[in-house]
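Below: one structure, written as structure tokens.
Chains as they are written, first to last, in the numbering used here: chain Y, 5 to 263; chain H, 622 to 728.
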């Protein structure tokens with residue numbers, strides 16, 4: 005017990021010494037891309053080898069497909085996503101006036117589908133939401149992550165920071181314990197990344213599929229043996245909003261590839 | 622899925638040039654040894670054959686086996702002989718096929 009207190013104190017001192025949001029100064033921010041092997045980096049760079057691009061082209065087809073009783077397609081209102089959706093992924097989560105809370109990009113797409121196409125929005129890891137998110141996020145590729153300045157989001161980010169720094173699960177670890185205090189070091193055979201959210205939805209080789217940020221966060225919670233929140237719970241969005249501020253100015257990489 | 626394959630073929634080539642072609646198809650490559658949510662084995666469904674025809678003639682064929690990744694990626698070369706279509710075909714255990722085409726201009 006004494007030893008753990010020592011570790012906690014050491015962490016606290018380390019964290020107190022670091023400046024900027026979430027214990028990462030802007031010049032310290034590194035995308036997870038940089039800690040990958042050269043083969044995985046090459047896979048992400050080449051659109052013909054990046055399996056996430058399969059979802060992007062599927063999303064493009066869905067974008068133009070009329071659905072629901074009104075027979076409307078996303079493209080009927082929004083036009084060419086490559087122009088109209090440019091920057092959307094860099095700005096989300098944003099405040100939804102009707103719901104009165106913050107929503108992420110994938111939820112935003114599901115809400116838009118439910119409201120304007122009158123079709124079920126789809127499950128968070130369902131192919132509709134993933135493909136459409138990939139297509140919309142791809143339009144922001146290369147743009148810097150820019151948190152929405154809406155002041156209503158400040159409290160959301162603050163709750164996200166609290167969740168990020170809160171110890172959880174049987175292993176009693178917080179996100180910050182690894183991704184703020186120990187990034188760049190090793191966990192087993194892997195380099196611990198800073199845990200930025202700038203590439204989602206991304207293709208994870210371990211999943212053999214495209215997945216959302218919620219899925220990735222759920223993996224980490226399972227890893228520390230904490231109970232994940234239900235799908236689309238506000239906690240996920242709070243964490244996402246905090247992560248977005250923490251990774252401000254990193255380029256959007258969607259659809260990224262990660263090991 | 623609508624666009625379920627991505628192929629990369631150089632749009633133009635000189636006659637006699639060796640060209641690299643890459644082909645990736647969206648496929649789960651279910652191994653048949655993995656239990657599903659109900660505890661029962663998910664039936665095997667993999668792409669077992671891939672072929673590429675260049676202007677009607679087969680120039681490349683591959684047999685695929687379990688333990689090959691989902692969304693398999695193949696890269697191979699051929700010699701650019703004449704302008705024409707390239708047809709790609711992935712056949713899986715369910716008897717379904719994914720097809721894609723590309724064209725090349727040879728000068």
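Glycine included, each C-beta is placed from N, C-alpha and C at the ideal position.
Since we're looking at a predicted model, the values are computed, not measured.
Item: Segment contact, 8 angstroms Cβ cut-off, at least three pairs: the region 220-239 of chain Y with the region 635-654 of chain H; Value: no
Item: Residue 44(Y) (DSSP reduced to helix, strand or coil); Value: helix
Item: Interface partners of residue 692(H) on chain Y, CB under 7 angstroms; Value: 55, 58
Item: Sequence-distant residues of its chain with Cβ nearer than 7 angstroms to residue 110(Y) (five each side left out); Value: 128, 133, 137, 216
Item: Buried versus exposed call for residue 242(Y) [16 or more other C-beta atoms within 10 Å across all chains shown]; Value: buried
Item: Chain Y within 7 angstroms of residue 647(H), Cβ atoms only; Value: yes
Item: Residue 647(H) Cβ short of 6 angstroms to the ligand GDP heavy atom set; Value: As for the ligand GDP, it is missing from this structure, which has no ligand bound.
Item: Residue-level contact to chain H via CB, residue 52(Y), 7 angstroms cutoff; Value: yes
Item: Interface positions of the region 692-724 of chain H facing chain Y (Cβ-Cβ less than 7 angstroms), listed along the chain; Value: 692, 694
Item: Cβ of residue 3(Y) within 7 angstroms of any chain H Cβ; Value: This structure cannot speak to residue 3(Y), because chain Y is shown only from 5 to 263.
Item: CB contact below 7 angstroms: residue 643(H) versus chain Y; Value: yes
Item: Short CB-CB distance (under 7 angstroms) between residue 685(H) and chain Y; Value: no
Item: Partners in chain Y for residue 625(H), counting only beta-carbon separations shorter than 8 angstroms; Value: 58, 62
Item: Residue 85(Y) - containing alpha helix (DSSP H), residue span; Value: 85-88
Item: Residues near residue 640(H) by beta carbon distance below 8 angstroms, same chain, minus five either side; Value: 630, 631, 634, 698, 699, 700, 701, 725
Item: Cβ-based neighbour list, residue 86(Y), same chain, cut-off 7 angstroms, excluding 5 preceding and 5 following; Value: 143
Item: Beta-ladder partner(s) of residue 107(Y), from DSSP; Value: 98(Y)
Item: Residue 4(Y), buried or exposed, once every other Cβ within 10 Å from all chains shown has been counted against 16; Value: Since the first and last residues shown for chain Y are 5 and 263, residue 4(Y) lies out of range.
Item: Status (buried if at least 16 other CB within 10 Å, exposed otherwise) for residue 208(Y); Value: buried
Item: Sequence-distant residues of the same chain with beta carbon closer than 7 angstroms to residue 219(Y), five excluded per side; Value: 129
Item: Exposure of residue 178(Y), with buried meaning 16 or more beta-carbon neighbours within 10 Å; Value: buried
Item: Residues that DSSP places opposite residue 634(H) in a beta bridge; Value: 727(H)
Item: Outcome for residue 686(H) when other beta-carbon atoms lying within 10 angstroms are tallied against a minimum of 16; Value: exposed
Item: Per DSSP, cross-strand counterpart(s) of residue 245(Y); Value: Beta-bridge pairing links residue 245(Y) to no other residue.
Item: Reduced DSSP secondary structure (H/G/I, E/B, other) of residue 189(Y); Value: coil
Item: Residues that DSSP places opposite residue 694(H) in a beta bridge; Value: 645(H)
Item: Per-residue burial, residue 151(Y) [other beta carbons within 10 Å of its own, 16 or more giving buried]; Value: buried
Item: Residues bridged to residue 627(H) (per DSSP); Value: 645(H)
Item: Cα-Cα separation between residue 719(H) and residue 77(Y), rounded to whole angstroms; Value: 25 angstroms
Item: Sequence-distant residues of the same chain with beta carbon closer than 7 angstroms to residue 135(Y), five excluded per side; Value: 59, 62, 63, 66
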